[in-house]
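Asks: In the numbering used here, the protein residues as written are 81 to 242. Where is the CB? At the ideal position from N, CA and C, for every residue including glycine. Can you keep this structure in mind? I'll have questions shortly.
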(Lines of atoms letter the chains of each structure in order from A; the text may use other names.)
(Lines give C-alpha, C1' and ligand atoms only; values in the text may rest on other atoms or scores of the structure.)
Protein backbone atom coordinates (compact mmCIF):
# COMPACT_ATOMS: atom_id res chain seq x y z
CA UNK A 81 0.00 0.00 0.00
CA UNK A 82 2.80 2.41 0.88
CA UNK A 83 4.40 1.76 -2.51
CA UNK A 84 1.13 2.63 -4.24
CA UNK A 85 1.00 5.98 -2.40
CA UNK A 86 4.57 6.71 -3.46
CA UNK A 87 3.74 5.83 -7.08
CA UNK A 88 0.71 8.16 -7.03
CA UNK A 89 2.94 11.03 -5.91
CA UNK A 90 5.60 10.16 -8.47
CA UNK A 91 2.88 10.21 -11.15
CA UNK A 92 1.81 13.64 -9.95
CA UNK A 93 5.41 14.84 -10.19
CA UNK A 94 5.60 13.53 -13.77
CA UNK A 95 2.36 15.38 -14.57
CA UNK A 96 3.85 18.58 -13.12
CA UNK A 97 6.92 18.17 -15.31
CA UNK A 98 4.67 17.58 -18.35
CA UNK A 99 2.80 20.75 -17.42
CA UNK A 100 6.05 22.69 -17.55
CA UNK A 101 6.90 21.12 -20.92
CA UNK A 102 3.52 22.25 -22.26
CA UNK A 103 4.35 25.73 -20.99
CA UNK A 104 7.63 25.64 -22.90
CA UNK A 105 5.59 24.67 -25.96
CA UNK A 106 3.63 27.90 -25.47
CA UNK A 107 6.87 29.87 -25.54
CA UNK A 108 7.80 28.13 -28.79
CA UNK A 109 4.61 29.32 -30.44
CA UNK A 110 2.29 26.34 -29.95
CA UNK A 111 -1.06 27.07 -28.31
CA UNK A 112 -0.98 24.58 -25.45
CA UNK A 113 -2.59 26.75 -22.76
CA UNK A 114 -5.61 24.49 -22.29
CA UNK A 115 -3.42 21.36 -22.21
CA UNK A 116 -1.10 23.08 -19.75
CA UNK A 117 -4.03 24.10 -17.53
CA UNK A 118 -5.73 20.68 -17.58
CA UNK A 119 -2.50 18.79 -16.94
CA UNK A 120 -1.66 21.16 -14.09
CA UNK A 121 -5.10 20.74 -12.57
CA UNK A 122 -4.86 16.95 -12.86
CA UNK A 123 -1.40 17.02 -11.27
CA UNK A 124 -2.80 19.12 -8.41
CA UNK A 125 -5.72 16.79 -7.72
CA UNK A 126 -3.62 13.61 -7.98
CA UNK A 127 -0.88 15.17 -5.85
CA UNK A 128 -3.24 16.29 -3.10
CA UNK A 129 -4.83 12.83 -3.01
CA UNK A 130 -1.44 11.13 -2.85
CA UNK A 131 -0.07 13.40 -0.14
CA UNK A 132 -3.17 13.09 2.05
CA UNK A 133 -3.01 9.31 1.54
CA UNK A 134 0.60 9.30 2.76
CA UNK A 135 -0.31 11.25 5.89
CA UNK A 136 -3.31 9.00 6.56
CA UNK A 137 -1.20 5.85 6.04
CA UNK A 138 1.40 7.00 8.56
CA UNK A 139 -1.33 7.96 11.02
CA UNK A 140 -3.18 4.64 10.60
CA UNK A 141 -0.11 2.43 10.89
CA UNK A 142 1.08 4.44 13.88
CA UNK A 143 -2.29 3.95 15.57
CA UNK A 144 -2.15 0.23 14.83
CA UNK A 145 1.34 -0.05 16.32
CA UNK A 146 0.39 1.98 19.37
CA UNK A 147 -2.68 -0.21 19.98
CA UNK A 148 -0.79 -3.46 19.37
CA UNK A 149 2.01 -2.56 21.76
CA UNK A 150 -0.15 -1.19 24.56
CA UNK A 151 1.59 -2.08 27.84
CA UNK A 152 4.63 -3.55 26.04
CA UNK A 153 8.21 -2.52 26.80
CA UNK A 154 8.63 -1.34 23.19
CA UNK A 155 5.63 1.00 23.37
CA UNK A 156 7.44 4.19 24.43
CA UNK A 157 10.26 3.73 21.92
CA UNK A 158 7.84 3.07 19.07
CA UNK A 159 5.62 6.02 19.98
CA UNK A 160 8.70 8.30 19.88
CA UNK A 161 9.73 6.85 16.51
CA UNK A 162 6.21 7.20 15.07
CA UNK A 163 6.07 10.81 16.28
CA UNK A 164 9.46 11.39 14.68
CA UNK A 165 8.20 10.09 11.34
CA UNK A 166 5.16 12.34 11.55
CA UNK A 167 7.24 15.38 12.53
CA UNK A 168 9.62 14.81 9.61
CA UNK A 169 7.01 13.97 6.99
CA UNK A 170 3.87 15.99 7.72
CA UNK A 171 5.38 19.48 7.30
CA UNK A 172 6.68 18.56 3.84
CA UNK A 173 3.34 17.07 2.81
CA UNK A 174 1.40 20.11 4.04
CA UNK A 175 3.83 22.52 2.39
CA UNK A 176 3.54 20.60 -0.89
CA UNK A 177 -0.26 20.60 -0.74
CA UNK A 178 -0.17 24.37 -0.12
CA UNK A 179 2.19 24.91 -3.04
CA UNK A 180 0.06 22.76 -5.36
CA UNK A 181 -3.02 24.80 -4.49
CA UNK A 182 -1.22 28.16 -4.75
CA UNK A 183 0.29 27.24 -8.12
CA UNK A 184 -3.10 26.14 -9.48
CA UNK A 185 -4.77 29.31 -8.23
CA UNK A 186 -2.05 31.51 -9.74
CA UNK A 187 -2.39 29.59 -13.01
CA UNK A 188 -6.13 30.17 -12.99
CA UNK A 189 -5.53 33.84 -12.36
CA UNK A 190 -3.08 33.94 -15.24
CA UNK A 191 -5.65 32.35 -17.58
CA UNK A 192 -8.20 34.93 -16.41
CA UNK A 193 -5.84 37.73 -17.38
CA UNK A 194 -4.25 38.63 -14.04
CA UNK A 195 -0.56 39.66 -14.28
CA UNK A 196 0.76 36.85 -12.08
CA UNK A 197 3.09 35.13 -14.55
CA UNK A 198 6.24 35.33 -12.42
CA UNK A 199 4.37 34.23 -9.29
CA UNK A 200 3.00 31.22 -11.15
CA UNK A 201 6.42 30.33 -12.55
CA UNK A 202 8.14 30.74 -9.17
CA UNK A 203 5.48 28.66 -7.44
CA UNK A 204 5.79 25.96 -10.10
CA UNK A 205 9.55 25.69 -9.61
CA UNK A 206 9.15 25.65 -5.82
CA UNK A 207 6.41 23.02 -6.10
CA UNK A 208 8.65 20.66 -8.05
CA UNK A 209 11.60 21.20 -5.70
CA UNK A 210 9.54 20.61 -2.58
CA UNK A 211 7.85 17.60 -4.21
CA UNK A 212 11.24 16.00 -4.84
CA UNK A 213 12.17 16.55 -1.18
CA UNK A 214 8.77 15.24 -0.02
CA UNK A 215 9.06 12.05 -2.08
CA UNK A 216 12.62 11.53 -0.84
CA UNK A 217 11.56 12.00 2.80
CA UNK A 218 8.59 9.70 2.26
CA UNK A 219 10.80 6.89 0.97
CA UNK A 220 13.08 7.15 4.00
CA UNK A 221 10.22 7.36 6.50
CA UNK A 222 8.23 4.56 4.86
CA UNK A 223 11.30 2.30 5.15
CA UNK A 224 11.49 3.02 8.90
CA UNK A 225 7.73 2.58 9.24
CA UNK A 226 7.96 -0.80 7.48
CA UNK A 227 10.68 -2.04 9.84
CA UNK A 228 8.59 -0.99 12.83
CA UNK A 229 5.44 -2.65 11.44
CA UNK A 230 7.29 -5.90 10.78
CA UNK A 231 8.55 -5.90 14.37
CA UNK A 232 4.99 -5.42 15.62
CA UNK A 233 3.71 -8.23 13.38
CA UNK A 234 6.50 -10.52 14.56
CA UNK A 235 5.79 -9.74 18.20
CA UNK A 236 2.07 -10.40 17.67
CA UNK A 237 2.82 -13.64 15.83
CA UNK A 238 1.17 -12.45 12.63
CA UNK A 239 2.51 -12.93 9.14
CA UNK A 240 3.59 -9.65 7.58
CA UNK A 241 1.68 -8.62 4.49
CA UNK A 242 4.16 -5.85 3.65
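Could you spell out where the alpha helix (DSSP H) holding residue 135 opens and where it closes?
Replies: If you number the chain shown from 1, residue 135 lands on position 55. Where residue 135 is concerned, the enclosing alpha helix (DSSP H) stretches over 113-148.
Asks: From residue 149 to residue 167, what distance separates their C-alpha atoms?
Replies: Position 69 of the chain shown, counting from 1, holds the residue named residue 149. Position 87 of the chain shown, counting from 1, holds the residue named residue 167. Their backbone Cα atoms lie some 21 Å apart in a straight line.
Asks: State the CB to CB distance for the pair residue 85 and residue 117, rounded to an integer number of angstroms; the pair is presumed to be in contact (CB under 8 Å).
Replies: Position 5 of the chain shown, counted from the first residue, corresponds to residue 85. Position 37 of the chain shown, counted from the first residue, corresponds to residue 117. So it is not a contact: roughly 26 Å between Cβ atoms.
Asks: Quick one, which of 216, 194, 204, 142 has its alpha-carbon nearest residue 157's?
Replies: The count along the chain shown starts at 1 and reaches residue 157 at position 77. Nearest C-alpha to residue 157: 142.
Asks: Just to confirm my understanding: we take residue 224, look at its own chain, exclude 5 residues before and 5 after, and list those with CB closer than 8 Å. What are they?
Replies: As a working mapping, residue 224 is identified with position 144 in the chain shown. 161, 165.
Asks: Quick check: what's the CA-CA separation for residue 206 versus residue 110?
Replies: Counting from one through the chain shown, the residue named residue 206 turns up at place 126. Counting from one through the chain shown, the residue named residue 110 turns up at place 30. Their Cα atoms are separated by approximately 25 Å.
Asks: In angstroms with no decimal places, state the Cα-to-Cα distance between residue 216 and residue 151.
Replies: Taking the chain shown and counting its residues from 1, one reaches residue 216 at position 136. Taking the chain shown and counting its residues from 1, one reaches residue 151 at position 71. When rounded, the distance between both Cα atoms is 34 Å.
Asks: If we count the other Cβ atoms within 10 Å of its Cβ and call it buried at 16 or more, is residue 92 buried or exposed?
Replies: By 1-based counting over the chain shown, the position of residue 92 is 12. Residue 92 should be labelled buried.
Asks: Could you say which of 127, 195, 186, 107 lies nearest to residue 214 if we only look at CA atoms?
Replies: Counted from its first residue, the chain shown places residue 214 at position 134. Comparing Cα positions, the closest option is 127.
Asks: Rounded to whole angstroms, what's the CA-CA distance from residue 179 to residue 187? Just pull it up for me.
Replies: Within the chain shown, the letter at position 99 stands for residue 179. Within the chain shown, the letter at position 107 stands for residue 187. Each residue's Cα considered, the two are about 12 Å apart.
Asks: Quick check on residue 238: does DSSP put it in helix, strand or coil?
Replies: Your numbering for residue 238 matches position 158 in the chain shown. Coil.
Asks: Could you check the C-alpha separation between residue 130 and residue 119 for me, to the nearest Å?
Replies: The residue you call residue 130 lines up with position 50 of the chain shown. The residue you call residue 119 lines up with position 39 of the chain shown. Approximately 16 Å between the Cα atoms of the pair.
Asks: Under the three-state reduction of DSSP, which class applies to residue 153: helix, strand or coil?
Replies: Position 73 of the chain shown, counted from the start, is the residue given in the question as residue 153. DSSP places residue 153 in coil when its eight states are reduced to three.
Asks: Kindly list the residues whose CB is nearer than 7 Å to the CB of residue 135, restricted to its own chain and excluding five residues on each side of it in sequence; keep chain order.
Replies: Start at 1 with the first residue of the chain shown, and residue 135 comes out as number 55. Once the five neighbours on either side are set aside, the close Cβ partners of residue 135 are 170, 173.
Asks: Going by beta carbon distance, what residues of the same chain come within less than 7 Å of residue 122, once the five residues before and after it are set aside?
Replies: Translated into positions along the chain shown, residue 122 becomes position 42. So the list reads 95, once near-sequence residues are dropped.
Asks: Taking the alpha-carbon positions, what's the residue 222 to residue 146 distance?
Replies: In the chain shown, counting from the first residue as 1, residue 222 sits at position 142. In the chain shown, counting from the first residue as 1, residue 146 sits at position 66. Using only the alpha carbons, I get a separation of about 17 Å.
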